[in-house]
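In the numbering used here, the protein residues as written are 9 to 391.
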(Lines of atoms letter the chains of each structure in order from A; the text may use other names.)
(Lines give C-alpha, C1' and ligand atoms only; values in the text may rest on other atoms or scores of the structure.)
Protein backbone atom coordinates (compact mmCIF):
# COMPACT_ATOMS: atom_id res chain seq x y z
CA UNK A 9 0.00 0.00 0.00
CA UNK A 10 1.17 3.52 -0.79
CA UNK A 11 0.76 6.30 1.79
CA UNK A 12 0.66 10.08 1.51
CA UNK A 13 1.06 12.98 3.89
CA UNK A 14 -2.35 13.96 5.25
CA UNK A 15 -2.25 17.74 5.08
CA UNK A 16 -0.34 19.25 7.99
CA UNK A 17 -0.76 16.24 10.27
CA UNK A 18 2.10 14.07 11.39
CA UNK A 19 0.35 11.09 9.81
CA UNK A 20 0.13 9.45 6.42
CA UNK A 21 -3.07 8.02 5.02
CA UNK A 22 -3.36 5.09 2.67
CA UNK A 23 -3.98 6.32 -0.85
CA UNK A 24 -7.05 4.07 -0.92
CA UNK A 25 -9.75 4.71 1.64
CA UNK A 26 -12.76 2.47 2.27
CA UNK A 27 -16.03 4.32 1.65
CA UNK A 28 -19.00 2.76 3.46
CA UNK A 29 -21.78 4.22 1.32
CA UNK A 30 -22.19 1.34 -1.13
CA UNK A 31 -21.79 -1.77 1.01
CA UNK A 32 -23.22 -5.11 -0.18
CA UNK A 33 -26.90 -5.49 0.70
CA UNK A 34 -29.47 -8.27 0.90
CA UNK A 35 -32.39 -8.36 -1.57
CA UNK A 36 -31.51 -4.91 -2.86
CA UNK A 37 -32.58 -3.21 0.38
CA UNK A 38 -30.17 -0.45 1.36
CA UNK A 39 -30.83 -0.85 5.09
CA UNK A 40 -30.15 -4.61 4.94
CA UNK A 41 -26.36 -4.66 4.81
CA UNK A 42 -24.75 -8.04 4.21
CA UNK A 43 -22.62 -7.71 7.31
CA UNK A 44 -20.78 -11.00 6.92
CA UNK A 45 -19.54 -10.02 3.47
CA UNK A 46 -18.86 -6.45 4.54
CA UNK A 47 -16.75 -7.70 7.46
CA UNK A 48 -14.61 -9.76 5.10
CA UNK A 49 -14.18 -6.80 2.77
CA UNK A 50 -13.33 -4.16 5.36
CA UNK A 51 -10.96 -6.37 7.31
CA UNK A 52 -9.23 -7.53 4.10
CA UNK A 53 -8.68 -3.88 3.19
CA UNK A 54 -7.26 -3.08 6.63
CA UNK A 55 -5.03 -6.15 6.62
CA UNK A 56 -3.66 -4.98 3.26
CA UNK A 57 -2.82 -1.49 4.46
CA UNK A 58 -5.97 0.62 4.19
CA UNK A 59 -6.03 2.90 7.24
CA UNK A 60 -8.86 5.33 6.43
CA UNK A 61 -12.55 4.38 6.78
CA UNK A 62 -15.31 6.80 5.81
CA UNK A 63 -18.99 6.61 6.69
CA UNK A 64 -21.83 9.02 7.50
CA UNK A 65 -25.02 9.30 9.52
CA UNK A 66 -27.48 8.63 6.63
CA UNK A 67 -25.58 5.96 4.69
CA UNK A 68 -27.57 2.79 4.19
CA UNK A 69 -30.55 4.44 5.88
CA UNK A 70 -28.60 4.85 9.10
CA UNK A 71 -27.13 1.35 9.23
CA UNK A 72 -23.64 2.00 7.84
CA UNK A 73 -22.23 3.50 11.04
CA UNK A 74 -23.66 0.65 13.13
CA UNK A 75 -22.22 -1.97 10.79
CA UNK A 76 -18.79 -0.33 10.64
CA UNK A 77 -18.75 0.01 14.42
CA UNK A 78 -19.26 -3.72 14.87
CA UNK A 79 -16.72 -4.64 12.18
CA UNK A 80 -14.01 -2.47 13.74
CA UNK A 81 -14.06 -4.46 16.98
CA UNK A 82 -11.40 -7.10 17.74
CA UNK A 83 -8.59 -4.56 17.49
CA UNK A 84 -9.36 -3.22 14.01
CA UNK A 85 -10.47 0.18 15.31
CA UNK A 86 -6.93 0.90 16.51
CA UNK A 87 -5.54 0.25 13.04
CA UNK A 88 -7.48 2.94 11.19
CA UNK A 89 -8.52 6.56 11.22
CA UNK A 90 -12.31 6.78 11.25
CA UNK A 91 -14.28 9.52 9.54
CA UNK A 92 -17.98 10.24 9.76
CA UNK A 93 -20.14 13.29 9.21
CA UNK A 94 -22.52 15.64 10.99
CA UNK A 95 -25.89 15.50 9.13
CA UNK A 96 -26.04 19.20 8.22
CA UNK A 97 -29.66 19.13 7.05
CA UNK A 98 -30.89 17.74 10.40
CA UNK A 99 -29.41 20.50 12.57
CA UNK A 100 -32.18 22.80 13.79
CA UNK A 101 -30.80 23.94 17.15
CA UNK A 102 -27.35 24.10 18.81
CA UNK A 103 -28.24 21.14 21.03
CA UNK A 104 -28.42 18.99 17.92
CA UNK A 105 -24.62 19.10 17.54
CA UNK A 106 -24.05 17.07 20.69
CA UNK A 107 -27.11 14.92 20.15
CA UNK A 108 -25.97 13.63 16.76
CA UNK A 109 -22.29 13.31 17.65
CA UNK A 110 -23.06 11.28 20.76
CA UNK A 111 -25.45 9.09 18.79
CA UNK A 112 -22.72 8.48 16.19
CA UNK A 113 -20.13 7.63 18.84
CA UNK A 114 -22.58 5.07 20.21
CA UNK A 115 -23.31 3.63 16.78
CA UNK A 116 -19.62 3.34 15.95
CA UNK A 117 -18.76 1.91 19.39
CA UNK A 118 -15.89 4.34 19.79
CA UNK A 119 -14.98 7.18 22.13
CA UNK A 120 -13.46 9.34 19.41
CA UNK A 121 -14.14 10.25 15.77
CA UNK A 122 -10.75 10.90 14.19
CA UNK A 123 -12.10 13.10 11.39
CA UNK A 124 -15.53 14.68 11.86
CA UNK A 125 -16.88 16.31 8.72
CA UNK A 126 -19.68 18.81 8.23
CA UNK A 127 -21.62 16.85 5.66
CA UNK A 128 -22.38 18.10 2.15
CA UNK A 129 -21.64 21.78 2.69
CA UNK A 130 -23.12 24.23 0.23
CA UNK A 131 -23.86 27.92 0.71
CA UNK A 132 -27.07 27.25 2.65
CA UNK A 133 -25.70 24.58 5.01
CA UNK A 134 -22.44 26.44 5.60
CA UNK A 135 -24.15 29.70 6.51
CA UNK A 136 -26.68 27.94 8.73
CA UNK A 137 -24.15 25.86 10.65
CA UNK A 138 -21.59 28.65 10.96
CA UNK A 139 -24.14 31.12 12.32
CA UNK A 140 -25.41 28.50 14.78
CA UNK A 141 -21.90 28.19 16.23
CA UNK A 142 -20.73 24.85 14.83
CA UNK A 143 -17.07 25.90 14.78
CA UNK A 144 -16.98 26.88 18.46
CA UNK A 145 -18.87 23.72 19.32
CA UNK A 146 -16.42 21.58 17.33
CA UNK A 147 -13.46 23.12 19.14
CA UNK A 148 -15.07 22.10 22.44
CA UNK A 149 -15.66 18.58 21.14
CA UNK A 150 -12.01 18.40 20.10
CA UNK A 151 -10.94 19.63 23.52
CA UNK A 152 -13.00 16.99 25.32
CA UNK A 153 -11.64 14.26 23.04
CA UNK A 154 -14.78 13.22 21.16
CA UNK A 155 -13.42 14.61 17.87
CA UNK A 156 -9.86 14.41 16.63
CA UNK A 157 -9.99 16.87 13.74
CA UNK A 158 -12.62 18.91 11.88
CA UNK A 159 -13.24 18.87 8.15
CA UNK A 160 -16.07 19.12 5.65
CA UNK A 161 -17.43 17.44 2.55
CA UNK A 162 -18.58 19.71 -0.24
CA UNK A 163 -21.23 19.99 -2.95
CA UNK A 164 -21.41 23.47 -4.49
CA UNK A 165 -19.41 25.77 -6.76
CA UNK A 166 -15.77 26.79 -6.37
CA UNK A 167 -16.40 30.33 -5.03
CA UNK A 168 -18.39 28.83 -2.14
CA UNK A 169 -15.65 26.24 -1.59
CA UNK A 170 -13.05 29.00 -1.35
CA UNK A 171 -15.24 30.93 1.07
CA UNK A 172 -15.55 27.89 3.33
CA UNK A 173 -11.82 27.12 3.25
CA UNK A 174 -11.03 30.74 4.08
CA UNK A 175 -13.79 30.94 6.68
CA UNK A 176 -11.97 28.89 9.32
CA UNK A 177 -8.27 28.66 10.13
CA UNK A 178 -8.31 25.18 11.63
CA UNK A 179 -9.77 22.90 9.00
CA UNK A 180 -7.73 19.70 8.80
CA UNK A 181 -9.23 18.26 5.64
CA UNK A 182 -11.93 18.50 3.01
CA UNK A 183 -13.70 15.92 0.89
CA UNK A 184 -14.57 16.75 -2.72
CA UNK A 185 -15.94 14.97 -5.76
CA UNK A 186 -13.20 14.54 -8.34
CA UNK A 187 -12.63 12.29 -11.34
CA UNK A 188 -11.57 12.69 -14.94
CA UNK A 189 -15.09 13.70 -15.94
CA UNK A 190 -15.48 16.27 -13.14
CA UNK A 191 -12.41 18.43 -13.61
CA UNK A 192 -14.48 21.61 -13.58
CA UNK A 193 -17.48 20.37 -11.60
CA UNK A 194 -18.20 21.76 -8.12
CA UNK A 195 -14.85 22.38 -6.37
CA UNK A 196 -13.03 20.72 -9.26
CA UNK A 197 -9.34 21.04 -10.00
CA UNK A 198 -9.29 24.63 -8.78
CA UNK A 199 -10.63 23.55 -5.39
CA UNK A 200 -8.20 20.65 -5.18
CA UNK A 201 -5.25 22.96 -5.71
CA UNK A 202 -6.57 25.71 -3.44
CA UNK A 203 -7.19 23.39 -0.50
CA UNK A 204 -3.78 21.78 -0.85
CA UNK A 205 -2.10 25.17 -1.00
CA UNK A 206 -3.84 26.04 2.26
CA UNK A 207 -2.45 22.91 3.90
CA UNK A 208 -5.66 20.89 3.95
CA UNK A 209 -5.64 17.17 3.27
CA UNK A 210 -7.89 16.44 0.31
CA UNK A 211 -9.97 13.28 0.33
CA UNK A 212 -11.58 12.47 -3.02
CA UNK A 213 -15.02 10.90 -3.35
CA UNK A 214 -16.68 9.57 -6.51
CA UNK A 215 -13.36 8.83 -8.29
CA UNK A 216 -15.26 6.39 -10.53
CA UNK A 217 -18.37 8.58 -10.79
CA UNK A 218 -20.58 6.11 -9.03
CA UNK A 219 -19.03 3.18 -10.92
CA UNK A 220 -19.82 4.60 -14.34
CA UNK A 221 -16.17 5.02 -15.29
CA UNK A 222 -15.53 1.31 -14.73
CA UNK A 223 -17.85 0.10 -17.43
CA UNK A 224 -17.11 -0.92 -20.97
CA UNK A 225 -17.04 2.18 -23.11
CA UNK A 226 -19.73 2.89 -25.71
CA UNK A 227 -18.80 1.70 -29.18
CA UNK A 228 -17.70 5.08 -30.52
CA UNK A 229 -15.61 5.70 -27.39
CA UNK A 230 -14.12 2.21 -27.09
CA UNK A 231 -12.38 2.71 -30.42
CA UNK A 232 -10.24 5.35 -28.73
CA UNK A 233 -9.05 2.79 -26.18
CA UNK A 234 -8.31 0.17 -28.81
CA UNK A 235 -6.23 2.55 -30.89
CA UNK A 236 -4.21 3.56 -27.84
CA UNK A 237 -3.30 -0.09 -27.03
CA UNK A 238 -3.97 0.65 -23.35
CA UNK A 239 -3.45 -2.39 -21.10
CA UNK A 240 -5.03 -0.87 -17.98
CA UNK A 241 -8.61 -1.65 -17.00
CA UNK A 242 -11.05 1.27 -17.01
CA UNK A 243 -11.09 1.16 -13.19
CA UNK A 244 -7.32 1.26 -12.95
CA UNK A 245 -7.10 4.08 -15.48
CA UNK A 246 -9.69 6.18 -13.63
CA UNK A 247 -8.15 5.64 -10.19
CA UNK A 248 -4.61 6.25 -11.39
CA UNK A 249 -5.78 9.50 -12.98
CA UNK A 250 -6.89 10.76 -9.56
CA UNK A 251 -3.80 9.43 -7.80
CA UNK A 252 -1.71 11.14 -10.48
CA UNK A 253 -2.48 14.42 -8.68
CA UNK A 254 0.04 15.04 -5.86
CA UNK A 255 -2.52 17.24 -4.05
CA UNK A 256 -4.76 14.21 -3.40
CA UNK A 257 -4.29 12.59 0.01
CA UNK A 258 -6.81 9.73 0.00
CA UNK A 259 -9.13 8.36 -2.68
CA UNK A 260 -12.35 6.83 -1.35
CA UNK A 261 -13.87 3.87 -3.11
CA UNK A 262 -17.40 2.73 -2.28
CA UNK A 263 -16.78 -0.96 -2.77
CA UNK A 264 -19.71 -3.36 -2.81
CA UNK A 265 -17.98 -6.66 -3.66
CA UNK A 266 -14.88 -8.44 -2.40
CA UNK A 267 -13.56 -8.44 -5.95
CA UNK A 268 -13.66 -4.63 -5.90
CA UNK A 269 -11.59 -4.55 -2.71
CA UNK A 270 -8.96 -6.98 -4.02
CA UNK A 271 -8.64 -5.13 -7.33
CA UNK A 272 -8.52 -1.65 -5.82
CA UNK A 273 -5.94 -2.65 -3.21
CA UNK A 274 -3.78 -4.00 -6.03
CA UNK A 275 -4.19 -0.77 -8.01
CA UNK A 276 -3.31 1.28 -4.92
CA UNK A 277 -0.11 -0.66 -4.41
CA UNK A 278 1.09 0.61 -7.79
CA UNK A 279 -0.13 4.19 -7.43
CA UNK A 280 1.92 7.34 -7.23
CA UNK A 281 1.59 10.96 -8.17
CA UNK A 282 2.73 11.65 -11.72
CA UNK A 283 2.56 7.93 -12.51
CA UNK A 284 0.61 8.14 -15.77
CA UNK A 285 2.46 8.47 -19.03
CA UNK A 286 1.88 11.41 -21.34
CA UNK A 287 0.11 9.04 -23.72
CA UNK A 288 -2.25 7.85 -20.96
CA UNK A 289 -3.11 11.41 -19.99
CA UNK A 290 -3.93 12.23 -23.60
CA UNK A 291 -6.02 9.05 -23.79
CA UNK A 292 -8.11 10.14 -20.83
CA UNK A 293 -8.59 13.57 -22.40
CA UNK A 294 -9.94 11.88 -25.53
CA UNK A 295 -12.23 9.62 -23.51
CA UNK A 296 -13.55 12.63 -21.60
CA UNK A 297 -14.31 14.49 -24.81
CA UNK A 298 -16.09 11.45 -26.21
CA UNK A 299 -18.20 11.00 -23.10
CA UNK A 300 -19.37 14.61 -22.99
CA UNK A 301 -22.87 14.69 -24.33
CA UNK A 302 -23.37 10.94 -24.08
CA UNK A 303 -24.65 11.01 -20.51
CA UNK A 304 -27.10 13.90 -20.25
CA UNK A 305 -27.97 13.40 -16.56
CA UNK A 306 -24.97 13.86 -14.18
CA UNK A 307 -26.32 11.45 -11.55
CA UNK A 308 -23.68 9.60 -9.47
CA UNK A 309 -26.09 7.30 -7.63
CA UNK A 310 -25.22 8.91 -4.30
CA UNK A 311 -28.72 8.03 -3.03
CA UNK A 312 -29.24 11.40 -1.34
CA UNK A 313 -32.65 11.63 -3.08
CA UNK A 314 -33.70 8.33 -1.53
CA UNK A 315 -36.05 7.27 -0.14
CA UNK A 316 -38.49 9.23 -2.28
CA UNK A 317 -41.71 9.93 -0.32
CA UNK A 318 -43.62 8.47 -3.25
CA UNK A 319 -41.21 5.52 -3.78
CA UNK A 320 -39.81 6.71 -7.14
CA UNK A 321 -36.41 5.05 -7.72
CA UNK A 322 -34.74 8.17 -9.10
CA UNK A 323 -31.11 6.92 -9.36
CA UNK A 324 -32.13 3.72 -11.13
CA UNK A 325 -34.33 5.56 -13.63
CA UNK A 326 -31.55 8.01 -14.43
CA UNK A 327 -29.07 5.16 -14.81
CA UNK A 328 -31.35 3.43 -17.32
CA UNK A 329 -31.92 6.67 -19.24
CA UNK A 330 -28.22 7.50 -19.42
CA UNK A 331 -27.31 3.95 -20.42
CA UNK A 332 -29.89 3.97 -23.22
CA UNK A 333 -28.34 7.09 -24.75
CA UNK A 334 -24.69 6.36 -24.00
CA UNK A 335 -24.79 2.85 -25.43
CA UNK A 336 -27.44 3.57 -28.07
CA UNK A 337 -29.30 0.56 -26.68
CA UNK A 338 -32.93 1.25 -25.81
CA UNK A 339 -34.21 -2.32 -25.65
CA UNK A 340 -32.48 -3.42 -22.43
CA UNK A 341 -33.20 -0.26 -20.39
CA UNK A 342 -36.82 -0.28 -21.55
CA UNK A 343 -37.20 -3.95 -20.64
CA UNK A 344 -35.83 -3.33 -17.16
CA UNK A 345 -37.96 -0.22 -16.69
CA UNK A 346 -41.15 -1.98 -17.69
CA UNK A 347 -40.48 -5.38 -16.13
CA UNK A 348 -41.81 -6.32 -12.70
CA UNK A 349 -38.41 -7.91 -12.07
CA UNK A 350 -36.78 -4.56 -12.81
CA UNK A 351 -38.71 -1.53 -11.56
CA UNK A 352 -42.06 -1.88 -9.82
CA UNK A 353 -44.87 0.30 -11.15
CA UNK A 354 -44.75 2.53 -8.08
CA UNK A 355 -41.02 3.15 -8.58
CA UNK A 356 -41.32 4.59 -12.10
CA UNK A 357 -41.01 8.20 -13.16
CA UNK A 358 -44.71 8.85 -13.74
CA UNK A 359 -45.31 8.42 -9.99
CA UNK A 360 -43.43 11.64 -9.21
CA UNK A 361 -45.76 14.10 -7.44
CA UNK A 362 -43.30 17.01 -7.88
CA UNK A 363 -42.89 17.65 -4.16
CA UNK A 364 -39.34 18.90 -4.78
CA UNK A 365 -37.72 17.12 -1.82
CA UNK A 366 -35.23 15.33 -4.08
CA UNK A 367 -34.03 18.49 -5.81
CA UNK A 368 -33.46 20.19 -2.46
CA UNK A 369 -30.91 17.56 -1.41
CA UNK A 370 -29.33 16.61 -4.76
CA UNK A 371 -25.56 17.33 -4.60
CA UNK A 372 -25.45 17.54 -8.41
CA UNK A 373 -28.28 20.12 -8.51
CA UNK A 374 -30.12 18.06 -11.12
CA UNK A 375 -33.54 19.20 -12.32
CA UNK A 376 -34.90 15.84 -11.24
CA UNK A 377 -38.58 16.47 -11.90
CA UNK A 378 -38.09 17.41 -15.57
CA UNK A 379 -35.61 14.60 -16.16
CA UNK A 380 -38.05 12.08 -14.69
CA UNK A 381 -40.65 13.16 -17.25
CA UNK A 382 -38.16 12.77 -20.11
CA UNK A 383 -36.92 9.43 -18.81
CA UNK A 384 -40.40 8.01 -18.39
CA UNK A 385 -41.35 9.13 -21.89
CA UNK A 386 -38.33 7.37 -23.38
CA UNK A 387 -38.30 4.24 -21.24
CA UNK A 388 -42.03 3.50 -21.23
CA UNK A 389 -42.20 3.01 -25.00
CA UNK A 390 -43.50 -0.48 -25.81
CA UNK A 391 -40.97 -2.98 -27.12
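Glycine residues also receive a C-beta, built at the ideal position from the N, C-alpha and C atoms. None of these values were measured; they are calculated from a predicted model.
- Residue state for residue 174 is assigned as helix, using DSSP reduced to three classes.
- Nearest in C-alpha terms to residue 52, of all of 39, 9, 68, 124, is 9.
- With respect to the 8 Å criterion, residue 387 and residue 323 are not classified as neighbours on the basis of their beta carbons.
- Apart from the 5 residues on each side of it in sequence, residue 330 sits with its Cβ closer than 6 Å to the Cβ of 303, 305 in its chain, given in chain order.
- A check of alpha carbon separations from residue 86 across 71, 59, 152, 111 identifies 59 as the nearest.
- For residue 263, the three-state secondary structure derived from DSSP is coil.
- A direct Cα-to-Cα measurement between residue 290 and residue 143 gives close to 43 Å.
- A contact between stretches requires three or more CB pairs, one per stretch, nearer than 8 Å, and the region 72 to 88 fails this requirement with the region 140 to 158.
- Restricting attention to alpha helix (DSSP H) runs no shorter than 4 residues, the region 251 to 297 encloses them at 266 to 277, ordered along the chain.
- The DSSP-derived three-state label of residue 33 is strand.
- One alpha carbon belongs to residue 345, the other to residue 325, and they sit about 7 Å apart.
- Remark: C-beta atoms of residue 32 and residue 46 approach each other more closely than 8 Å.
- In this structure, residue 92 sits away from residue 117, with a CB-CB distance that is not shorter than 8 Å.
- Under the three-state reduction of DSSP, residue 334 is assigned to helix.
- About 16 Å separates the CB atoms of residue 261 and residue 90; that is not less than 8 Å, and the two are not in contact.
- In the DSSP annotation of this structure, the continuous segment of the alpha helix (DSSP H) that includes residue 104 starts and ends at 103 to 116.
- In the three-state reduction of the DSSP assignment, residue 13 falls in the strand class.
- Within the same chain, and ignoring the five residues on either side of residue 38 in sequence, the residues whose Cβ sits closer than 6 Å to its Cβ are 68, 69.
- With a cutoff of 8 Å on beta-carbon distance, residue 257 and residue 15 are scored as near each other.
- Within a 10 Å sphere around the beta-carbon of residue 180 sit 16 or more other beta-carbons, which makes this residue buried.
- At least 8 Å separates the beta-carbon of residue 255 from that of residue 217.
- Nearest to residue 235 by C-alpha distance, out of 187, 282, 288, is 288.
- The region 116 to 191 contains, as complete beta strand (DSSP E) runs of 3+ residues, the segments 121 to 129, 155 to 162, 181 to 185 (chain order).
- The bridge partners DSSP lists for residue 18 come to none.
- With fewer than 16 other beta carbons inside 10 angstroms of its own, residue 98 counts as exposed.
- Under the Cβ criterion (8 Å, minimum of three pairs), the region 159 to 171 counts as touching the region 189 to 197.
- Per DSSP, reduced to three states, the secondary structure at residue 308 is coil, with no helix or strand assignment.
- Around the beta carbon of residue 18, fewer than 16 other beta carbons sit within 10 angstroms, so the residue counts as exposed.
- A straight-line Cα-Cα distance of about 27 Å links residue 250 and residue 313.
- Nearest to residue 241 by alpha-carbon distance, out of 130, 183, 381, 221, is 221.
- DSSP places residue 26 in the strand class (E or B) of the three-state scheme.
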